[in-house]
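If you read the protein sequences in the order shown, they are chains U and P. Following the working numbering, the numbering of the first sequence begins with 2 at its first residue and continues without gaps. Following the working numbering, the numbering of the second sequence begins with 81 at its first residue and continues without gaps. Following: one structure in structure tokens, then a few remarks.
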Amino acid sequence: DAGVIQSPRHEVTEMGQEVTLRCKPISGHDYLFWYRQTMMRGLELLIYFNNNVPIDDSGMPEDRFSAKMPNASFSTLKIQPSEPRDSAVYFCASSPLYGAGFSGNTIYFGEGSWLTVV
Amino acid sequence: DQQVKQNSPSLSVQEGRISILNCDYTNSMFDYFLWYKKYPAEGPTFLISISSIKDKNEDGRFTVFLNKSAKHLSLHIVPSQPGDSAVYFCAASARGSGGYQKVTFGTGTKLQVIP
Chain U
2 DAGVIQSPRH
12 EVTEMGQEVT
22 LRCKPISGHD
32 YLFWYRQTMM
42 RGLELLIYFN
52 NNVPIDDSGM
62 PEDRFSAKMP
72 NASFSTLKIQ
82 PSEPRDSAVY
92 FCASSPLYGA
102 GFSGNTIYFG
112 EGSWLTVV
Chain P
81 DQQVKQNSPS
91 LSVQEGRISI
101 LNCDYTNSMF
111 DYFLWYKKYP
121 AEGPTFLISI
131 SSIKDKNEDG
141 RFTVFLNKSA
151 KHLSLHIVPS
161 QPGDSAVYFC
171 AASARGSGGY
181 QKVTFGTGTK
191 LQVIP
């Protein structure tokens, strides 16, 4: 069974350019998450969706960041314009369960997208 | 405001010895605590968890201890093996608005097990 698939795996872009990261969650998972990993802050939750609807975007750092989930099998995280401080690893994750009964062991992460903004 | 803190960015341990990874938290509303393991160029994977109503959970070589009064948890790996070398993230879960859980991760501790 395929896991969470992210693309691109690596991206190097110039400051000011638009960056689009893509994610295909595990089929049947109703929850999709976007995380950012940095040395200083660890794994930060940026936004998550339930049944394609954004539930909590309080972790999105600025208006330059936006995320969409047009259908159950695809999501994008867009940064426009990108800045050097956006350089990080961005993880997409999905889960079949996040409400009652959730104990944290059902979040499945993709391999991440390494973003470098120069 | 870092609600989940891992104050040791790295740890080196000899193969066969015990590895102890520590984590502190500030939010008393957390009801589950978790450890995730991450190898280079891979996403984090779930390792072990503990409910806030327990003080210990064991799974093979891995044991998690929870001290609620101190708001502290630790992961013990005995015996440590070279394949355990990875970054370990501590995480905690609490009920958020609308009934959804919110998982907060720490900054990670890089464990190196020396053969």
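Quick reminder that beta carbons are idealized off the backbone N, C-alpha and C, glycines included.
Check, Outcome
"Helix, strand or coil at Arg23(U) according to DSSP, with G and I counted as helix", "strand"
"Interface residues of the region 34 to 59 of chain U facing chain P [CB-CB below 9 Å]", "Phe34, Tyr36, Gln38, Thr39, Met40, Met41, Arg42, Gly43, Leu44, Glu45, Leu46, Tyr49, Asn51, Ile56, Asp57"
"Nearest-angstrom Cα separation, counted from Arg97(P) out to Ser76(U)", "43 Å"
"Proximal residues of chain U, C-beta to C-beta of Ala121(P) below 9 Å", "Arg10, Glu112, Gly113, Trp115"
"Euclidean distance between Cα positions of Thr143(P) and Met41(U)", "27 Å"
"Test item: CB-CB of Gly188(P) and Gly111(U) under 8 Å", "no"
"Asn107(P) beta carbon less than 8 Å from that of Ala150(P)", "no"
"Cross-chain neighbours of Phe142(P) in chain U, by beta carbon under 9 Å", "Those do not exist, as Phe142(P) stays about 13 Å from chain U at its closest Cβ, beyond 9 Å."
"According to DSSP, residues forming a beta bridge with Ala121(P)", "Per DSSP, none; premise fails for Ala121(P)."
"Cβ pair Tyr180(P), Trp115(P) closer than 8 Å", "no"
"Inter-residue spacing [alpha-carbon to alpha-carbon] between Asp58(U) and Cys93(U)", "14 Å"
"For Gly163(P), three-class secondary structure by DSSP", "helix"
"Inter-residue spacing [alpha-carbon to alpha-carbon] between Ser129(P) and Lys118(P)", "15 Å"
"Distance, Lys190(P) Cα to Ala73(U) Cα", "35 Å"
"Under the three-state DSSP convention, the category Asp135(P) falls into", "coil"
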